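Protein sequences appear in the order of chains Y and B. Residue numbering for the first sequence follows this note's numbering, beginning at 3 and increasing consecutively. Residue numbering for the second sequence follows this note's numbering, beginning at 3 and increasing consecutively.
2 protein chains.
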Amino acid sequence: MPPEKTLRRHALSIFRAALRAANPEHAVEAALALLPLNRYRRIFVVGAGKASAAMAHAAESVLGARITAGSINTKDGHLARLRRIELNESSHPVPDQRGVDGARRIAAIASSAAQDDLVICLISGGASALLPLPAAPITLSQKQQTTRLLLACGATIHELNAVRKHLSAIKGGQLARLAAPATVLSLLLSDVVGDPLDVIGSGPTAPDSSTFQTAWDVVCKYALQSKLPPAVRSHLQSGLAGGIPDTPKSGDPCFRRTANRIVGSNRIAVDACAARAKALGYRPMVLSTTIEGETRDVAAMHAAIAREVVASRRPARPPLCLISGGETTVTIKGNGLGGRNQEFALAAALALEGVPGVLVFSAGTDGTDGPTPAAGAMADGATVARAAALNLPAAAFLARNDSYRLFAPLGDLVTTGPTGTNVMDIRLLLIR
Amino acid sequence: MPPEKTLRRHALSIFRAALRAANPEHAVEAALALLPLNRYRRIFVVGAGKASAAMAHAAESVLGARITAGSINTKDGHLARLRRIELNESSHPVPDQRGVDGARRIAAIASSAAQDDLVICLISGGASALLPLPAAPITLSQKQQTTRLLLACGATIHELNAVRKHLSAIKGGQLARLAAPATVLSLLLSDVVGDPLDVIGSGPTAPDSSTFQTAWDVVCKYALQSKLPPAVRSHLQSGLAGGIPDTPKSGDPCFRRTANRIVGSNRIAVDACAARAKALGYRPMVLSTTIEGETRDVAAMHAAIAREVVASRRPARPPLCLISGGETTVTIKGNGLGGRNQEFALAAALALEGVPGVLVFSAGTDGTDGPTPAAGAMADGATVARAAALNLPAAAFLARNDSYRLFAPLGDLVTTGPTGTNVMDIRLLLIR
């Protein structure tokens, strides 16, 4: 029966295990360590994403002089010291010409690979924006204008992706087609719920299930036919008429020697939490790694499960560590300062007011939570009373989405600094 | 590995087990069967609630001629054939004079009980409105006016209850005080999340933690001092000055021989579900009996757990029956027809589209769900596609809260008719 302070120390220790498991350098090193290098004549490294520099650094440390050439697109300031792989800084989340130039170089390297060669592709969060290569003659600004038109109509992310993949020369499996007949090994750090290969970084090496017809149907659904830039419209119509090859589908020969491997993900991080919790003496129980939805309702349901454990030792007996992953959303109603993880902790604190022996922890694996310097926060059954003693009414802070200003004076923020990775959020409920 | 049809049959069978466990007649019979009747000189039966007639009927069938006298308040039309206990029909949810007359009779019977007597008190959902007894000289209409004033200011249910208990002559433990020094056995059918004794039926036989000061603080918080009916204001101020005894607190001598026993509740119903699921070959896992929150988010989290089971056999291996209780809310956004249980099934169906081997079930134990003739609905990974084939776009139906009009044509409604009980909702996810 560890006291409350120990629960907090344990939660931090369990979260650190998640960060280690999601570390992009460790993940790439482990994935490449057992590669049968002598099977390949030349090895190329390409990729894009906010963690691509760290991933490329790991590739260099394992492969060293075996790397013939390489090029990756990274976000401004997200750097690493590389010797053989070119590093192209570019803009995120709005792509720019530097990103296009880098993507063209990456496409050229992939195209140069031959039958006996290996192309290692390193993809992490942000790759969609960091690997822009509009299909000629479409320009970057025409592609962006199309995106804005779709967003303004309320198109879903799936609809948006179907159109964008069909305006790209590299997304939706087309990087794998450029690299064929070389072997392609894509190592993916997933920041998408459920780890869908065709969504992470817009799936440059994964089969695409959408078609030119899908893309055109989206355009027609929102009646954008005449509003599209003419180059975009004529590209989609050529594709529809069979004048341009569609993105490669599952079963396409270009995927015969392509492997997509998730090396970092929320699931992998959650597994590491479960192992660490077990080592600390808790029964680990993973609820789900795909939790989305409005943060305060998700928090209330987590709290309801914790209350049930306290009241009736169900769904499992304490000492228990409930673990959940994914990424929730916050509908902003006030002008407060906070993030989804701090709001989760605050909403759970209200639902667990006065309940003894339960610690709530929620933090983002990227080390940031909303526009705050914290990664998340911790709370327990005494949080609301401790805040009230400081004249901080918890319900009012939650009502205006002001979780940061409540947890900061309580000293209950979780602060890690930038972690160099992003596999969404980790939520823990420790129950003794 | 039962096929989908079997999953549906099993879900209905598990729900029926919940209804049996929450049956008010069975519950009262079981609670009274072992009573040492020869210890008491006289036995009185009082009570209120929508199920009080059924509960009184059970009391008569066990106690028969041992009942000296009795009186219960029930909702119009919620009747049973009684021989010894008077049945007072009255208005719900807005109380009326018939309710006051009945409550006065109930108070008189309780007051007549002596040291060696037993007062059995039968409380079920609706008792707050069905047992109105304003403290003299406050009138029913003055009390109702006070309630309306508080509601209009946005007072919480806890604030409302603190004030109302202090305008009543019977709520907040005062029925137990009237009956002292007799033994009081309260049998409660709980329709409140978490089964708090002081909230169910406004706790006529339970210690009250609120005081006249609490009540007056609420009045001041909403600046209602001068807006209250004068009789209400002067009653609260007399109480504040010590001129009227406060509601009895925990430790008050009047509770020395008082027992409050929950004989029907969501937890009891959920336990019965778990036992039935186990008998049918499922691993039962109770998530929580206190789940509240916005229905579609709660549904999404249930679906996320089910997806995790399918993907990684966590938090437990199939065949699994996830069970949760409580009562969610729906923020109405459209002009559709439905209820929280049907909306739960619809939101879960969207979140589980295409996922095989998962059946979702949600229904109200009172047999009704919103203004529809159904108690709830069932759904699975094929529901969205089956609806689409009938030209019923599931997402659009959810957006306008129109779950009934989707499930009715699919034949996936759960229909039980009135069940005579109410222990909130039961949600099941069967995963094979």
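Cβ coordinates follow ideal geometry from the N, Cα and C atoms, glycine included. Fair warning: this is a prediction, and the values are worked out from it, not measured in the lab.
*Within the chosen definition, does the region 335-347 of chain B reach the region 370-377 of chain B through at least 3 CB pairs nearer than 8 Å?*
yes
_Contacting residues, own chain, Cβ-Cβ under 6 Å from ALA82(Y) (five flanking each side not counted)_ = ALA55, ALA56 and HIS59
_Contact test: MET426(Y) Cβ vs the ligand HEM heavy atom, cutoff 7 Å_ = Absent from the structure shown: the ligand HEM. Ligands present: none.
*Alpha carbon to alpha carbon, how far is VAL165(B) from LEU394(Y)?*
Between VAL165(B) and LEU394(Y), the C-alpha separation is close to 25 Å.
_Cβ separation of ASP200(B) and ASP210(B), assumed to be a contact under 8 Å, to the nearest whole Å_ = Right, their Cβ atoms sit about 6 Å apart.
_Against chain B, with Cβ distances strictly below 8 Å, would GLU310(Y) count as a contact?_
yes
_For PRO317(B), count the other beta carbons within 10 Å of its own beta carbon; 16 or more makes it buried, fewer makes it exposed. Which is it?_
PRO317(B) should be labelled buried.
_Among LEU354(Y), HIS237(Y), CYS275(Y) and GLY205(Y), nearest to ARG263(Y) - alpha-carbon criterion_ = It is GLY205(Y) whose Cα lies nearest to the Cα of ARG263(Y).
_Is the separation between the beta-carbon of HIS12(Y) and that of LEU432(Y) shorter than 8 Å?_
The answer is yes: Cβ separation under 8 Å.
*Go through the region 162-234 of chain Y residue by residue and report every complete run of the alpha helix (DSSP H) that reaches 4 residues or more, in order.*
Correct list: 176-181 and 214-223.
*With a CB to CB cut of under 7 Å and the five nearest residues on each side skipped, what residues in its chain are close to GLU91(Y)?*
Taken in chain order, the residues that qualify are THR76, ASP78 and ARG100.
_How far does the alpha helix (DSSP H) with ALA397(B) in it extend, from its first residue to its last?_
396-401
*Between which two residues does the alpha helix (DSSP H) carrying ILE87(B) extend?*
Where ILE87(B) is concerned, there is no enclosing alpha helix (DSSP H), although the beta strand (DSSP E) it sits in stretches over 87-92.
*Going straight from the alpha carbon of LYS173(B) to that of VAL300(Y), what length do you get?*
Rounded to the nearest angstrom, the two C-alpha atoms are 35 Å apart.
*Any C-beta of chain B under 8 Å from that of LEU289(Y)*: yes
_Beta bridge counterpart(s) of GLU296(Y) as assigned by DSSP_ = Beta-bridge pairing links GLU296(Y) to THR331(Y).
*Say whether the region 59-73 of chain B touches the region 40-50 of chain B, bearing in mind that this needs 3 or more beta-carbon pairs closer than 8 Å, one atom from each stretch.*
yes
_7 Å CB neighbourhood of ASN337(B) in its chain, flanking five on each side removed_ = ARG402
*Can you grab the Cα-Cα spacing for the pair LEU282(B) / HIS160(Y), in whole Å?*
40 Å
*Taking 8 Å as the cut-off, decide whether the C-beta atoms of LEU191(B) and SER126(B) are in contact.*
yes
*Does GLY328(B) get closer than 8 Å to chain Y when you measure Cβ to Cβ?*
Yes, contact with chain Y.
*How would you list, in chain order, the residues of chain Y whose beta-carbon sits under 7 Å from the beta-carbon of ARG316(B)?*
VAL288
*Under a CB-based cut-off of 8 Å, is VAL265(Y) close to chain B?*
Residue-level contact by beta carbon fails for VAL265(Y) and chain B, as no gap is shorter than 8 Å.
_Please tell me whether GLY295(B) has its Cβ less than 8 Å away from any Cβ of chain Y._
yes
*Can you give me the start and stop residues for the beta strand (DSSP E) that VAL265(Y) sits inside?*
260-266
*asked:* Could you pull the DSSP bridge partners for LEU151(Y) from this structure?
replied: Answer is none; LEU151(Y) lacks a bridge partner.
*Residues near VAL272(B) by beta carbon distance below 8 Å, same chain, minus five either side*: ALA20, VAL288, THR291, ILE325, SER326, GLY327 and ILE428
*Who does SER1(B) pair with in a DSSP beta bridge?*
In the structure displayed, chain B extends from 3 to 434; residue 1(B) sits before or after that span and is not available.
_Range covered by the beta strand (DSSP E) that runs through SER126(B)_ = Run containing SER126(B): none; DSSP gives neither H nor E here.
*Run down chain B in chain order and give the residues with a C-beta less than 8 Å from the C-beta of ILE307(Y).*
LEU289 and SER290
*Using a cut-off of 7 Å between C-beta atoms, extract the partners of ALA302(Y) located in chain B.*
Near ALA302(Y) (Cβ distances below 7 Å), the residues of chain B are GLU294 and GLY295.
_What does DSSP give as the partner residue(s) for ASN75(B) in the beta ladder?_
ALA50(B) and ASN90(B)
*Sequence-distant residues of the same chain with beta carbon closer than 7 Å to ARG43(B), five excluded per side*: ASP118 and ASP119
*Since I believe SER267(B) is in contact with VAL425(B) (beta carbons under 8 Å), could you give me their beta-carbon distance rounded to a whole number of angstroms?*
5 Å
*asked:* Taking the straight line between their C-alpha atoms, what separation do you get for PRO286(Y) and MET303(B)?
replied: 19 Å
_chain B contacts from the region 183-217 of chain Y (Cβ-Cβ distance under 7 Å)_ = none
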